[in-house]
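Enquirer:
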DNA sequence: ACCGCCGGGTGCC
DNA sequence: ACCGCCGGGTGCC
């Protein structure tokens, strides 16, 4: 997460004033001194123009006007209440008509004709945003005064003032003096005096303060008194942890609440909103939902499943058995089916986390190619999920894409033959609107594709096998689009992309014609961009109960929250203007009241616990302790000899680069040397990936050059150095190598080339670069060279000896303890296999080169605790996604240090996580007086950096360069 | 609306 | 009086 100050807009606000700080309006009090800050996403990928426009508005001035005709309308306001002005160009009496609406959207009256005549042009051409407040006289019978505030872009100020002048109006001044008293600042507009608040001094918050303030929004929620627990329905097989029972109780209370929505109370027969000071006669509808913002790993999915089953029908749980409809169908035999023709996927059996499917097509992937043949169907079978490629859906055999998931028996996957079942009946024909007469009790779950299989998996695992529940995975080209049929299921599971795709295809979105009992958005931040089609598709779903599950409630910006509130139908914030006026602008200008409102708003609809949250003094997740030991290794005399000779030779070369100032130009070479040193620390025979370093410019033919560069890139990528792209400073995505041998993300470097054309230069070495000579990494994997090793006679190494000693000692102590042996070098893992076999260890292996099917097998095998199951897993550092669950292991042997400490931590988390019962002991092997020790130093530096600074993210290329050069110095003792 | 405005009734003091 | 003034009718846009 990163933060940045946007000085500009802060200043704009500080130099102007805005309506609000007035004794008459205590609820909108703006203290004169309060730090102002802005939550601004620094990452540009999806910035939203409209919001930015809003932020750039400055105050033009204020004016007094009149609201007339109020006796004709039912909308009511209180004194000091905000109103919205809305153009009504089709008014039969006056094309300039401007309606005045209260916060609830009810019309209060019209602007007086002459005023409307002046404002219509301004509003129609968006020259200014006019905001109104009724300062007093709210209970008048015929007319009431209106205080108007004009906001707009600086460049439009003159036009607006001129236009108003033409109509005989003049804006009141915007006070510039700090602390000027209210009485002195009454404006002089023709329409009456206007007033404004004193402007406050801009006190800039430090980055830390900023972060703290923002974090507190959610951190405060942890210390909540939502301690009532609730037992889930019997149908839920998995016992809930205390914090999950609390979430269950809270969520169900919110769903069934007959109480007024947050911030509403009954006052003199009117419903009064304490946050907006607004009242209505009609009882406002409660928000039957909210945001479950628990940290990752606290079991949001399980909690949501428990809610579905426990609050199934009219507040009652789903009972074990229901009607005995059965869907005839053959058992689906093949358990692992091709995913997109190349990967296979099958999730683990009996464990709460599925294996991550890192090879899954990305979300954007799918949406871009909405081509049906690129979509898949997912099936669940006996708590195992198979992924069915629909590319072959023409063939009769695999015609399985549409399915009713009968959870009867052991999640038996019964199959509907499309052709006979669906087409043949009237289901297809009746696919217009769903029968609104019958109340749906269907829950729609929308999630990113990457977690779809996780949902299927968890639904399978957490629901008792005898429970009769219909789950339909609305996915794949042949998904059943019949809304009547869909609304008879219990759970419909789909992805954002499917939803969006359907939404974009006119008249073909059954999901939008059903009134759902409940809609659950998983990874709710998927809809944080209010302009994204995806968000629109989600916002148009109709549902009684609405939930957002997210681990990151506000990622970077307040704006993110708006879409969520909008989805939850939390009035009046569904309307951007109100959100902006009541929350966003006050908060971004540093108004304490705004922050307070935001806080209570969030608090009322959000439940958040972090991994460190406590329940009754105990941490939510009681993970056993985790201890990290560093075991120093002394190289043997021979090893040291080899190490020193390679080092001395390399050091001389690099020293030359330093004096020449060409370190970065030879970056790949430098890394290559470091890599070789690191490998020698592990084992002197570790292959050096062939290529000796040479200058790319000296290569003879283009083909040779190409080969060499690709080899270099592979070297960099495989060296485990966790290279960041120097442009986005993130991990490399779509790595490409330049002719000057520097690796960047393809999108990043292409952007640079685009921007700097026609003379783009490499951000690292300033060589000329061109879009057409970037080289991509060929798809074939880098691994698979482990076999040719076998020719060479196996020898041990100091590290291997240390490892084997430790493993054997451990086995003697407790033969059941399982260990992870982690290295960045798969070839090293291969070398370790020999002594493991020799000493009779049963082991398995997991690395990036393995096919999905093999991975899953390996994980299942390892996680199995039966006698004879492997006690050791050889694991490559970066294998598997964050979801990888290896909690059967309680020991980790890290054979070689990683550049990035976060990568190590992530690796440790694979066994130190929910489900771990034992103390986790981690041993890091570090060779004394070697590059490895220096790497530890760099790790510590990185740790400090990560912990301390937040603004550090956007270091520029120069700093980046310097940092890299310094790293190299440290590593090679220069 | 205890207003403004309209338009008909009316017309010395 | 092609005015002023009176008082009733009336009333958003």
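Residue numbers (the UniProt record's numbering): 1 to 974.
Note that the Cβ used here is the ideal one computed from N, Cα and C, for glycine as well.
1. Compare the C-alpha of residue 702 against each of 774, 159, 633, 99 and name the closest.
2. Run the CB neighbour count on residue 657, radius 10 Å, all protein chains shown included, and call it buried at 16 or more, exposed below.
3. Tell me the rounded alpha-carbon separation between residue 628 and residue 261.
4. Buried or exposed for residue 266, going by 16 or more other Cβ atoms inside 10 Å?
5. Use the C-beta contact count for residue 89: other C-beta atoms within 10 angstroms, 16 or more gives buried, fewer gives exposed.
6. Just the Cα atoms here: how many angstroms apart are residue 918 and residue 890?
7. Does the distance between the C-beta of residue 662 and the nearest non-hydrogen atom of the ligand FAD fall short of 7 Å?
8. Smallest Cα separation from residue 162: which of 60, 857, 86?
9. Measure the alpha-carbon distance for residue 816 versus residue 871 and round it to whole angstroms.
10. So, helix, strand or coil for residue 842, using DSSP?
11. Between residue 69 and the rest of its own chain, which residues show a CB-CB distance below 7 Å, the 5 nearest in sequence each way excluded?
12. Can you find the residues in the same chain that come closer than 6 Å, C-beta to C-beta, to residue 293, ignoring five residues on each side of it along the sequence?
13. Write down the C-beta distance between residue 303 and residue 461 rounded to the nearest angstrom, noting that I regard them as a contact closer than 8 Å.
14. Please state if the CB of residue 847 and the CB of residue 829 are separated by a distance shorter than 8 Å.
15. Thinking C-beta only, is residue 636 closer than 8 Å to residue 798?
16. Quick check on residue 278: does DSSP put it in helix, strand or coil?
17. With a Cβ-Cβ cutoff of 8 Å, do residue 467 and residue 318 count as a contact?
18. By Cβ distance below 8 Å, which residues in the same chain neighbour residue 750 in space, the five residues on each side in sequence not counted?
19. Measure the Cβ-Cβ separation of residue 869 and residue 861 and say whether it is below 8 Å.
20. Using 8 Å as the Cβ pair cut-off and three pairs as the minimum, do the stretch 659–672 and the stretch 607–622 touch?
21. Going by the CB atoms, is the gap between residue 240 and residue 63 shorter than 8 Å?
22. Excluding the five sequence neighbours on either side, which residues of its own chain have a C-beta within less than 6 Å of the C-beta of residue 915, listed in chain order?
23. Apart from the five residues on each side of it in sequence, which residues of its chain come closer than 7 Å, Cβ to Cβ, to residue 300?
24. Given this structure, state the Cα-to-Cα distance separating residue 959 from residue 841, to the nearest angstrom.
25. With 16 as the cutoff for other CB atoms within 10 Å, does residue 449 come out buried or exposed?
26. Going by C-alpha to C-alpha distance, which of 837, 515, 822 sits closest to residue 441?
27. Take residue 496 as the anchor and find which of 490, 511, 164 has the nearest alpha-carbon.
28. Starting from residue 543, trace the alpha helix (DSSP H) both ways and give me its first and last residue.
29. How far does the alpha helix (DSSP H) with residue 463 in it extend, from its first residue to its last?
30. How far does the alpha helix (DSSP H) with residue 922 in it extend, from its first residue to its last?
31. Comparing C-alpha positions only, which one of 236, 935, 248, 503 sits nearest to residue 969?
32. Buried or exposed, going by whether 16 or more other CB atoms sit within 10 Å of the CB of residue 912?
33. Closest to residue 100 by CA distance: which of 114, 684, 76 is it?
34. So, using beta-carbon positions, are residue 820 and residue 884 closer together than 8 Å?
35. DSSP on residue 768, reduced to helix/strand/coil?
36. Does DSSP put residue 80 in a helix, in a strand, or in coil?
Expert: With the given structure in hand:
1. Looking at 774, 159, 633, 99, the one whose alpha-carbon comes closest to that of residue 702 is 774.
2. buried
3. 49 Å
4. exposed
5. exposed
6. 6 Å
7. As presented, the structure is devoid of all ligands, the ligand FAD included, so that no description of it is given.
8. 60
9. 7 Å
10. Looking at residue 842 - three-state DSSP - the assignment turns out to be coil, as it is neither helix nor strand.
11. 109, 110
12. 550, 553, 606, 608
13. With a Cβ gap of about 14 Å, residue 303 and residue 461 do not count as contacting.
14. Yes, Cβ-Cβ distance for residue 829 and residue 847 is below 8 Å.
15. yes
16. strand
17. In this structure, residue 318 lies closer than 8 Å to residue 467 by Cβ.
18. 771, 774
19. The answer is yes: Cβ separation under 8 Å.
20. no
21. no
22. 887
23. 292, 294, 549
24. 48 Å
25. buried
26. 515
27. 511
28. Counting along the chain, no alpha helix (DSSP H) covers residue 543; the unbroken beta strand (DSSP E) around it starts and ends at 542–549.
29. First-last for residue 463: undefined, no H or E at that position.
30. It is not in any alpha helix (DSSP H) - residue 922 instead sits in the beta strand (DSSP E) that spans 920–927.
31. 935
32. buried
33. 76
34. The Cβ-Cβ distance between residue 820 and residue 884 does not fall below 8 Å.
35. strand
36. coil
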